[in-house]
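Take a look at the structure:
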């Protein structure tokens, strides 16, 4: 059986106690095994140790664990102490003997020593070193029998020395170089001899404990003429000239050698075994070890005397039993391995003997149990990024930690899958195993997309080392929304003060306005938010702009901390990007989340939050603050944003509210700031607040959706077609599709067919519409829901009659450029295709934007900047004018009516190959694929770029405000450009200056559909060739009379300039296909016409490709092209 330290000590000391009882007279002066709790020695020892000097400075510490030394009686008992190397003041402590020793006696003291390192020790050339242990007289603190230390001759080693007294000028040094990390037994003998300068000191290092006192390693005679008259204490010293970083344990003091070494039993005994007795779940690769109390005869340990047997395997044989030399410890290395789920019994027979021929008195037997077969599947225990983590950097890797080691051969790209909402599937590099094969790092081949929700799937092909397949599991995280600075970056902090890491810095961020201060000294200030959840909102101190909820804005300013509130103050730059943006949904949390005592409240500063059902617990105080609770703890409601009198509710203690919501604000504590009446949701009937179109509206678009706004959350089960009807006076009843927005309690009715022009449309809403708690519609606004037809709601509007189609507005007159309707007043309707933020000068006060009705697009000059966002329906009345070549409808804000959003944005019209920009497509949203032949060059608030559509050069105008990254737009790059066809020509007849104006620099969502950016870099699957070539002509021959075109495929180095021409067999030029265009792989489509657009004759022609390198070298390639004709 395995013995505890206490029992080991008891068994080893029993013979000594027996001898003492027999009257041998042997006794210990002191035994110290530091069997105390950890901490400062002076305190832990309960007064057994006292201070000599340096009290309280770098105290000697008791630390857990003990030092061991085979055959030493005070080995492996209790704890140990630690001393340190320091140049500062440090404690020196001592302990007294049980009896003082007079002149004429001999004192032995021993201890176990283990150095951490040799840092700070005196050099190996030092004659004195520094001492750290000694004997101390009774009557004075004059250290004698000092154990000194210095660095050894070998690297990373040390020497021990002996200095009998202070009078001795130098220490005597033992020659052995000792190693840090090894435990040594150190013993000092001090003989007090009558007279002076004759006391004899000796030092032993690792002396044999098996018999009589051996010869010491070194000795020194005291040089002191005033030697001590007694010895009564031992000291442990931390000097400032080179004492070690070391552990000390097992201190003994006595008058005889035998008392120091202790009297061992005659027969050897087992001190410890591994695995321990009755151990379970032992690894099958484990080795079996035994430690004895003394040196054993290696010849007596063999397969017969050291036997290992099991229930599943009758006998286990060793590869070896080591060491082969005499030792106190031996290890049995099992041949192959142990069996799983086996009970193993180890027997040490009495044939085993020590070096003196003494055998074990009886067989020593112990048992352990090997590991059961592993049937558990490896599980994910943690990940980085963590499940649900937000704002993850796009260049992050994914770290997955498993519950057990994995089988390396199964850790491959097939075992993991990374998918996203924006990127369907991410490629990954070979996964990397680490941390004992329990950690896998997965690196995507490219960065994650911004604003993506990434899902990581662990597949069952992954297995543990036992072959158990992984439990198929997934976790998700969200990448940061864009590369620019975000509100999350500004607000997130782990600083207990809550201060922003950007405090004092000038920043620029974008966000959606979630609340505006409408009253008081802070009127006009506002909050913005750029996502749902913690750290995503911030307060803007801005007296000049007065935005509205739902405005998408770009603000610049300085981040400051104002009495604990993080704010952008003052706002020095402001840009309205878009109106009518959906405000992030509130985060629903328990009310105690908003308490000043909750350390997590900081994360929701400036964020739109909400509660579940609450009760009012206090009336408004003089600051109009009142409390609510959901039972978890109170939170404060406040009127910083708008007066309580505007909320349509008077708090009363005990009132129950469906929910409260608002922006969490820091002002003398955390408070929820309500914004509108719908932020305090009461237990009362449902009211419709407004509609669009509203009662009596005229000139409503025929394809409009109808928006209904309510004051509280509705029961989706009642938002059904049976509770609504829409009837046209001409078009009759309309089928409807319905959508409900739980964030703002709005319903959208979408007719499946357009209304007739100029008809009256009647809308009916049934009284059976109800909220989530069963309260019905109060249609007549009398405060009572009677649940009958008296509470039905009816209203009507009139659709637009005979609007002018935009294609007619754009139709040119006799000169081919000036609009035929110039100077006339027209009414047009359509959806916004060119938002005003991209087409309005920064210095202009009037908006410039584009409207598209499906027949064409036109510029509208009129209205307030920021109102005209993608997809919004509009009806515009204005005068047709021409401004710098652009046909526009000049209007005013009063003549522009904005309606609902279209289900999808305007569809771009694809330009045909070789098509130029021109009057026929002015105002259109167009898309073209081509090659960049003129890289972006800055000019007046934007960049000018040239893209070749076949041989047709197209001017592309990129507004600086659009935020496009110009670096990928290199010469020869293939691109797809989508944008508005505009014109900038200051001179009559306004027949030039056409340009394509892209809008969106990043992909974007519209009505749940993802759309790409307006400039896409296209990757050709065929790389540019090393030299120019005409790859093929297909078909060849081809017949234009059949509608065929000849596709001429060419390739050349990217840096070359290419010219492709068609000649007849007499060398006459027929067609210039491409003229000085960038190189690379490309196609030209020849329809069989010449430069005058006349049909070429049937016959053979020569395609000639000239390539000019950047250094001016010319290369020519030709290929025969045949024009055919259909057979009759």
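Numbering (UniProt numbering), first residue to last: 1 to 1128.
Built from N, CA and C at the ideal position, the CB exists for glycine as well.
**Item:** Close beta carbons around residue 411, own chain, < 7 Å, minus the five adjacent residues each side
**Value:** On the chain shown, residue 411 is found 411 positions in, with the first residue counted as 1. Cβ within range, chain order: 431, 433, 440 and 462.
State the DSSP-derived secondary structure class of residue 679, mapped to helix, strand or coil. Within the chain shown, residue 679 is the residue found at index 679, counting from 1. The answer is helix: DSSP assigns residue 679 an H, G or I state.
Beta-carbon within less than 6 Å of residue 249's beta-carbon, same chain only, minus the 5 sequence neighbours each way: which residues are those? Mapped onto the chain shown, residue 249 falls at position 249. Excluding positions up to five away in sequence, the list reads 66, 67, 80 and 112.
message: Which of the three DSSP states is assigned to residue 1183 in this structure?
response: Outside the shown range of the chain, which is 1 to 1128, sits residue 1183, and nothing can be said about it.
Quiz item: Counting pairs of beta carbons, one from the region 361-375 and one from the region 383-393, are three or more of them closer than 8 Å?
Solution: Not touching, per the Cβ criterion.
task: Tell me where the beta strand (DSSP E) around residue 238 begins and ends.
output: Translated into positions along the chain shown, residue 238 becomes position 238. Counting along the chain, residue 238 falls outside any beta strand (DSSP E), and DSSP gives it neither H nor E.
> Hey, quick one: how far does the alpha helix (DSSP H) through residue 257 stretch, first residue to last?
Replying inline: To locate residue 257, count along the chain shown from 1; it is residue 257. Here the alpha helix (DSSP H) through residue 257 covers 257-261.
Just the Cα atoms here: how many angstroms apart are residue 201 and residue 369? Taking the chain shown and counting its residues from 1, one reaches residue 201 at position 201. Taking the chain shown and counting its residues from 1, one reaches residue 369 at position 369. Going from the Cα of residue 201 to the Cα of residue 369 covers about 53 Å.
Query - Pair within 8 Å by beta-carbon distance, residue 108 and residue 257 - result: Your numbering for residue 108 matches position 108 in the chain shown. Your numbering for residue 257 matches position 257 in the chain shown. Inclusion of residue 108 and residue 257 in the CB contact set at 8 Å is warranted, their separation being smaller than that value.
Practice task
Taking only the alpha-carbon atoms, compute the straight-line gap between residue 419 and residue 426 and give it to the nearest angstrom.
Solution key: Stepping through the chain shown from its first residue, residue 419 is reached at position 419. Stepping through the chain shown from its first residue, residue 426 is reached at position 426. About 6 Å.
Stretch pair the region 168-175 + the region 81-97: three plus CB contacts closer than 8 Å: Counting Cβ pairs under 8 Å, fewer than three are found: no touch.
Assuming residue 838 is part of the alpha helix (DSSP H), what are its boundary residues? As a position in the chain shown, residue 838 is number 838, starting the count at 1. Annotation: the continuous alpha helix (DSSP H) that includes residue 838 extends over 836-839.
Practice problem: List the endpoints of the continuous alpha helix (DSSP H) containing residue 763. | Solution: Counting from 1 along the chain shown, the entry for residue 763 is found at position 763. Where residue 763 is concerned, there is no enclosing alpha helix (DSSP H), although the beta strand (DSSP E) around it starts and stops at 760-765.
Next on the checklist: Quick check: what's the CA-CA separation for residue 519 versus residue 539?
Outcome noted: On the chain shown, residue 519 is found 519 positions in, with the first residue counted as 1. On the chain shown, residue 539 is found 539 positions in, with the first residue counted as 1. About 16 Å.
Margin query: Between which residues of its own chain and residue 266 is the CB-CB distance below 6 Å, once the five residues before and five after are set aside?
Written below: Here residue 266 is taken as the residue at index 266 of the chain shown, counted from 1. Excluding positions up to five away in sequence, the list reads 358.
Checklist line | Spatial distance of residue 973 from residue 916 (CA atoms) | finding: Position 973 of the chain shown, counting from 1, holds the residue named residue 973. Position 916 of the chain shown, counting from 1, holds the residue named residue 916. Those two C-alpha atoms are separated by around 19 Å.
Problem set entry | Candidates 648, 684 and 760, of which the one nearest residue 732 by Cα | If you number the chain shown from 1, residue 732 lands on position 732. Of all alpha-carbon atoms in 648, 684 and 760, the one lying nearest the alpha-carbon of residue 732 is that of 760.
Notebook entry, point to check: Looking only at its own chain, which residues have a Cβ that is under 6 Å from the Cβ of residue 861, when we skip the five neighbours before and after it?
Noted result: Translated into positions along the chain shown, residue 861 becomes position 861. Sequence-distant Cβ neighbours of residue 861 in its own chain, meaning closer than 6 Å and more than five residues away, are 848, 888 and 890.
TODO: Please confirm if the region 783-798 is in contact with the region 745-765, defined as three or more CB-CB distances below 8 Å between the two stretches.
DONE: With three or more CB-CB distances shorter than 8 Å, the region 783-798 counts as touching the region 745-765.
- Query: Going along the chain, which residues of its own chain have a beta-carbon closer than 6 Å to the beta-carbon of residue 1150, five neighbours each way excluded?
  - Reply: Lying before the first or after the last residue shown, residue 1150 is absent from the chain, which here runs from 1 to 1128.
Next item on the list: Compare the Cα-Cα distances from residue 859 to each of 1088, 739, 924 and 745 and report the closest residue.
Entry: What you label residue 859 is simply residue 859 of the chain shown in a count that begins at 1. Nearest to residue 859 by alpha-carbon distance, out of 1088, 739, 924 and 745, is 924.
Of all the options 931, 737 and 966, which has the alpha carbon lying nearest to the alpha carbon of residue 954? Taking the first residue of the chain shown as position 1, residue 954 is located at position 954. Considering only 931, 737 and 966, the residue with the shortest C-alpha distance to residue 954 is 931.
* Give the range of the beta strand (DSSP E) segment to which residue 101 is assigned. => By one-based count along the chain shown, residue 101 stands at place 101. If you look at residue 101, you'll find it in the beta strand (DSSP E) that goes 92-102.
- Query: Which residue comes first and which comes last in the alpha helix (DSSP H) that contains residue 489?
  - Reply: The residue given as residue 489 occupies position 489 in the chain shown. It spans 487-491 - the alpha helix (DSSP H) in which residue 489 sits, taken as one unbroken run.
For residue 809, name the three-state secondary structure that DSSP assigns.
Numbered from 1 along the chain shown, position 809 holds the residue referred to as residue 809. DSSP places residue 809 in the helix class (H, G or I) of the three-state scheme.
- Task: Quick one: using the 10 Å Cβ neighbour count with 16 as the cut-off for buried, is residue 627 buried or exposed?
- Result: For the purposes of this step, residue 627 is taken as the residue at position 627 of the chain shown. Residue 627 comes out buried.
Practice task
Could you have a look at residue 220 and say whether DSSP puts it in helix, strand or coil?
Solution key: As a first step, residue 220 must be located in the chain shown, where it is residue number 220. Three-state DSSP puts residue 220 in a strand.
CA nearest to the CA of residue 184, picked from 193, 1019 and 246: Residue mapping note: residue 184 aligns to position 184 of the chain shown, counting from 1. Taking each of 193, 1019 and 246 in turn and checking the Cα distance to residue 184, the smallest one comes out for 246.
Problem set entry | Straight-line gap, residue 7 to residue 604 (C-alpha atoms, nearest Å) | Your numbering for residue 7 matches position 7 in the chain shown. Your numbering for residue 604 matches position 604 in the chain shown. Because residue 7 carries a pLDDT of 34, less than 50, the predicted location of this residue cannot be relied on, and the following value inherits that uncertainty. If I take the Cα positions, the gap works out to 60 Å.
For residue 751: DSSP bridge partner residues: As a position in the chain shown, residue 751 is number 751, starting the count at 1. Partner(s): 736.
Next on the checklist: Assuming residue 1123 is part of the beta strand (DSSP E), what are its boundary residues?
Outcome noted: Locating residue 1123 in the chain shown gives position 1123, counting from the first residue. First-last of the beta strand (DSSP E) with residue 1123: 1114-1123.
ask   = Are residue 1058 and residue 1069 closer than 8 Å when you measure CB to CB?
value = Against the chain shown, residue 1058 aligns to sequence position 1058. Against the chain shown, residue 1069 aligns to sequence position 1069. Result no, Cβ atoms of residue 1058 and residue 1069 do not sit closer than 8 Å.
For residue 371, which residues from the same chain have a beta carbon less than 7 Å from its beta carbon, with the 5 sequence-adjacent residues on both sides left out? To locate residue 371, count along the chain shown from 1; it is residue 371. Around residue 371: 281, 282, 283, 284 and 340.
Using only alpha-carbon positions, find the residue among 29, 360, 28 and 48 that is nearest to residue 36. Start at 1 with the first residue of the chain shown, and residue 36 comes out as number 36. The candidate whose alpha carbon is nearest that of residue 36 is 48.
Three-state class that DSSP yields for residue 23 in the structure shown: Walking along the chain shown from the start, residue 23 turns up at place 23. At residue 23, the pLDDT of 31 sits below 50, so the modelled position is not reliable; the number obtained from the coordinates is stated separately. DSSP places residue 23 in coil when its eight states are reduced to three.
According to DSSP, is residue 554 helix, strand or coil? For this step, residue 554 is matched to residue 554 along the chain shown. Strand, per DSSP.
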